[in-house]
Every structure is written in structure tokens, then in C-alpha cells.
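Data block below; observations after.
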Amino acid sequence: MTQPTTTSTGAAAAAPQAAEGPAARFLKATELDTRLLGMVGALVLIWIGFHLYGHFVNGFGAFLTPRNLWNLSVQTASIGIMATGMVLVIVTRHIDLSVGSILGLCAIMMGVMQVYVLPDYLGLGHPLIWIIAVVTGMALGMLIGAFHGFLIAYGGIPSFIVTLGGLLVWRGVAFLVARGETISPVDTTFALLGGGPYGAVGATGSWIVGLLACAGIILLILSGRKQRRKFEFPLRPVWAEVFLAIVGCGIVIGAVLLVNAYPWPKGIVNQYAQANGLAVPEGGLFISHGFAIPVLILVAVGIAMSFLMTRTRFGRYVFAIGGNPEAAELAGINTRWMTVKIFALMGLLCGLSSVVASARLNSATNALGTLDELYVIASAVIGGTSLGGGIGTIYGAIIGALVMQSLQTGMVLIGFDAAIQQVVVGSVLVLAVYLDKLYRSRAK
Numbered sequence: 021m022t023q024p025t026t027t028s029t030g031a032a033a034a035a036p037q038a039a040e041g042p043a044a045r046f047l048k049a050t051e052l053d054t055r056l057l058g059m060v061g062a063l064v065l066i067w068i069g070f071h072l073y074g075h076f077v078n079g080f081g082a083f084l085t086p087r088n089l090w091n092l093s094v095q096t097a098s099i100g101i102m103a104t105g106m107v108l109v110i111v112t113r114h115i116d117l118s119v120g121s122i123l124g125l126c127a128i129m130m131g132v133m134q135v136y137v138l139p140d141y142l143g144l145g146h147p148l149i150w151i152i153a154v155v156t157g158m159a160l161g162m163l164i165g166a167f168h169g170f171l172i173a174y175g176g177i178p179s180f181i182v183t184l185g186g187l188l189v190w191r192g193v194a195f196l197v198a199r200g201e202t203i204s205p206v207d208t209t210f211a212l213l214g215g216g217p218y219g220a221v222g223a224t225g226s227w228i229v230g231l232l233a234c235a236g237i238i239l240l241i242l243s244g245r246k247q248r249r250k251f252e253f254p255l256r257p258v259w260a261e262v263f264l265a266i267v268g269c270g271i272v273i274g275a276v277l278l279v280n281a282y283p284w285p286k287g288i289v290n291q292y293a294q295a296n297g298l299a300v301p302e303g304g305l306f307i308s309h310g311f312a313i314p315v316l317i318l319v320a321v322g323i324a325m326s327f328l329m330t331r332t333r334f335g336r337y338v339f340a341i342g343g344n345p346e347a348a349e350l351a352g353i354n355t356r357w358m359t360v361k362i363f364a365l366m367g368l369l370c371g372l373s374s375v376v377a378s379a380r381l382n383s384a385t386n387a388l389g390t391l392d393e394l395y396v397i398a399s400a401v402i403g404g405t406s407l408g409g410g411i412g413t414i415y416g417a418i419i420g421a422l423v424m425q426s427l428q429t430g431m432v433l434i435g436f437d438a439a440i441q442q443v444v445v446g447s448v449l450v451l452a453v454y455l456d457k458l459y460r461s462r463a464k
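Counting in my numbering, the sequence shown runs from 21 upward without gaps.
Here it is, written out as C-alpha cells:
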């Protein structure tokens, strides 16, 4: 009597699986995020589109080249670092319009420390100058962010108003401190944090980073499988685990090959060879850039923020507050103190981003960070962070920053005016919010 029941039950369970298509079964087995795939697909289309447009109009495509993609990665670093913090702010149903102004003020203060203050006490070129400047910039950003968070959490002022005021106040303070002047040049070691031929790890260093990344990917997959088995969670098929490892390592190795394919400019190579007594062959000396230091900083921030959001109590509290602030408070979460910490972390990341931005320019200007708040918010939203709160990923925000920078770089390469660039960026932001609304409505 029980045999027919078991057979019918198995057939009923197998029916939905049979109804699923190959793509659905593949996504279910690999557990890939469909939003992530959509963002990556959009990014690839943007790259190919700009490259083909340049090929047909100018006779050559300048986008998909090692030089442009290397520069694109460096340009993305500053926005990407701040976008990881903006995810936390938006997830908890707040907004921060002051990130660009905080970046500008931190850059100005670091410039003042390096050019006017520290050389008088430590001596010009002292090895501690750049370290003290970096700590000063990041600490200032954290204090400003904590101040904003205090006004929002304990003063009851909406984050939009607090950070809109901060956008104006801190930009004005930066102008007063610098008296409207450009402060340069920064410390030579500090300048390496902005990239450039000397601000990269070279071919050997890039292969070391790449191999360590591949080892990390494999260990992460094995560790995840071990944890699933320990807590009796469903396991992914072995072929899916192998596929993810191959794809992850393939992307890393491809990135290493790409950055190593971009050589130093001939003039810098000749200077380097002359300074180090190297003979330059007739065809020239090929020295690879490798990964730029700002890109490695962005990767490190992305890993640290992802760990913070997914593996710590702090991250669970962030999503709990974003999902339902009242319920989170009733559950015993100190939502006010969490708000202060979230905005302090956002300010800290603004300070770190100001290090990358000012080092890349080898100077600090009052215009540094202007309108960055729009690109940072757009990056987070395009990356899947919901303005309704409770939803967001760090890797999505970084990919969103790459999408935004790709659009801007591509439009510059093909000669679009600044006005058209603003139209495109604004349209993409509105479209991203609309797509997020559609995605959430379908998920219900």
C-alpha cells in the first residue's frame, strides 16, 4: 500500500525539476545571482559597444585595449571605495550627499599636512610624512561621518538634510583652508598610492597577487562546502563547485594577463633604465605596469566590507535595521548607535578615497570630489542596492562603479560633450531605480 504512494510522491517532486529549463537548473545548481549576471552582461555590452563605435567612426577601437582598461580600473577605485560604504547607508534607509565634499576636505587637509606642516617638523621627504597624512585624512573623514550620524540618530534630523548641509559646509571649509589654491606636489611616496608606472606592483607582483587570489577562491569554495556539510545544508553539485572555481580563477588570470600587457611609456622606461644603468634594446624595453595600487586598495576594501556585511553581527544588524527599523529596535539593537557607526565608516572610506584621488592627481584642489556623491549613489543603486532599504551587496556596488566609470570613459573616448555625459548618467540612474522597482515587485 505504501509503494504506490512513494512512487507518486517522487514523481510529483520530479515534475517541477523536469519543467525547469537548462538555464534555470544551471542557475539553481551554481547559485549564481541573476542580478550579478545582468550587471556583468550590461558591462560587457557597454565595453563592446564603445569599442565597435570607435572602430566604425574612427577606424580603430580604443576601448578594449590594455591601456584603457588599466586606466579604467584606476579611475574606478575612488568611486568604488565610497560606493561600498554607501551600500550600508542606503540599506539602512538613509542617504549621504556629502561624500564628495568630505573627500575634498580630507584631500585638502592631507595636502596642507604634507606641504606646509610636516616638512617643517620632520624635514622634507621624511618617511613618516605620507603615513601621518593618510591617518589624518581617514581620521578626519571618520569624525565628520560620525558627526553626521550623531545629528541623524540623536538629533532626529533627516539624513538628506544633514548630508545636504554637509555637502555645502565641508566644501566651503575646504576652500577656506586652502584659500582657493591648489596644493602640490604631495609626498613622493604618497603619490604612489594613486597609481601610475611606479604606483603599480609590476608583472611579478601581479602574478603573486593573482595566484594568491586563485588559492583564496578555491579555499573559499572548499570551506563553504565544509560548512554546508557541517550544518547539514544542501550541497551544490561537484560540477557546479568546479565550474565556479574555474570561472573565478580564469577571471583572475585574465586580469593578470591584461594588466601585464600594458607597458610603461617609452620616456619613463628610458629614465628608469638610465637611472638604474640598464641597457635599452633596439626595439625598446618592455616593463609591465601590473596591478595598480589603487585597484588593490579597492579589492582589499571590497573583501573587508563583504566580510563585515556577511560574516559579522554588525552586518546582520545593518540588514535588520534596513528590513524593519522598528522591529530591529524592539529586538534589542541600538539603532541610533548603529547609525553613528555606519556614517563614521562612510566617512572613513571617504578619507581613504581622498588618498587615492589626491595621490593620483599629485595635488589637492578645491574641485576634487565635485559631484562624486551622484556617481557613488548611482553605483550603489545600479549594483542592486534598494532605495527602500534592506537589500544590497558590496560586489554589486563595485560593479556598479565600474559601469558608471565605463560610461563616462567611453563617452570621453568617442567625443561626447559634457552635457551629453550628464544626460546619460542621469538617465542610467533613473533606469536603474525603475529596474530595481520591477525586480522587487516580481520577487514578492
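In this text, a Cβ means the ideal position worked out from N, Cα and C, and glycines have one as well.
Distance CB(residue i)-CB(residue j) smaller than 8 Å
i	j	result
residue 222	residue 213	no
residue 471	residue 419	What the structure shows of the chain is the stretch from 21 to 464, and residue 471 is not part of that stretch, so it cannot be assessed.
residue 327	residue 50	no
residue 95	residue 425	yes
residue 183	residue 243	no
residue 197	residue 132	yes
residue 374	residue 106	no
residue 123	residue 392	yes
residue 101	residue 318	yes
residue 452	residue 402	yes
residue 164	residue 114	no
residue 316	residue 229	yes
residue 207	residue 288	no
residue 371	residue 166	no
residue 400	residue 448	no
residue 269	residue 241	no
residue 444	residue 427	yes
residue 187	residue 93	no
residue 382	residue 194	no
residue 138	residue 151	no
residue 297	residue 414	no
residue 47	residue 54	yes
Bridge partner(s) assigned by DSSP for residue i
i	result
residue 203	384
residue 220	312
residue 283	308
Residue i, buried or exposed, once every other Cβ within 10 Å from all chains shown has been counted against 16
i	result
residue 332	exposed
residue 416	buried
residue 285	exposed
residue 205	exposed
residue 156	buried
residue 180	exposed
residue 259	exposed
residue 24	For residue 24, the predicted structure reports a pLDDT of 48, less than 50, and the residue's modelled location is therefore unreliable. The matter cannot be settled from this model.
residue 386	buried
residue 337	buried
residue 140	exposed
residue 380	buried
residue 406	buried
residue 378	buried
Residue closest to residue i, alpha-carbon to alpha-carbon, out of the options
i	options	result
residue 344	291, 134, 409, 144	409
residue 111	216, 362, 91, 126	362
residue 227	202, 279, 186	279
residue 433	403, 380, 42, 71	71
residue 389	412, 66, 128, 114	128
residue 430	67, 272, 140	67
residue 313	360, 91, 73	91
residue 292	282, 281, 302, 306	306
residue 168	216, 407, 357	357
residue 63	236, 83, 76, 78	83
residue 360	175, 141, 54	175
residue 74	274, 436, 235, 299	436
residue 283	311, 201, 298	311
residue 199	271, 125, 232	125
residue 369	320, 407, 296, 247	320
residue 202	439, 136, 162, 99	136
residue 99	395, 250, 249, 440	395
Beta carbon proximity, residue i to chain C, threshold 8 Å
i	result
residue 126	Absent from the structure is chain C; it holds one protein chain and no more.
Notebook entry, point to check: Can you list the beta strand (DSSP E) stretches of 3 or more residues lying completely in the stretch 332-408, in chain order?
Noted result: The stretch 332-408 contains no whole beta strand (DSSP E) run of 3 or more residues.
Item checked: Ranges of the alpha helix (DSSP H) found wholly within the stretch 204-272, counting only runs of at least 4 -> If only complete runs of 4 or more residues are kept, the stretch 204-272 shows the alpha helix (DSSP H) at 208-211, 222-250, in order along the chain.
Next item on the list: At 4 residues or longer, and completely inside the stretch 72-150: list those alpha helix (DSSP H) runs for me, N to C.
Entry: Runs found: 86-111, 119-132, 138-142.
Next item on the list: Tell me the start and end of each unbroken alpha helix (DSSP H) in the stretch 401-445 that is at least 4 residues and wholly inside, in chain order.
Entry: Listed in chain order, the complete alpha helix (DSSP H) runs (minimum 4 residues) inside the stretch 401-445 are 414-433.
Note to self: Could you tell me which whole alpha helix (DSSP H) segments of length 4 or greater appear in the stretch 161-198?
What the structure shows: Restricted to the stretch 161-198, the alpha helix (DSSP H) segments that are unbroken, complete and at least 4 residues in length are 179-198, listed in chain order.
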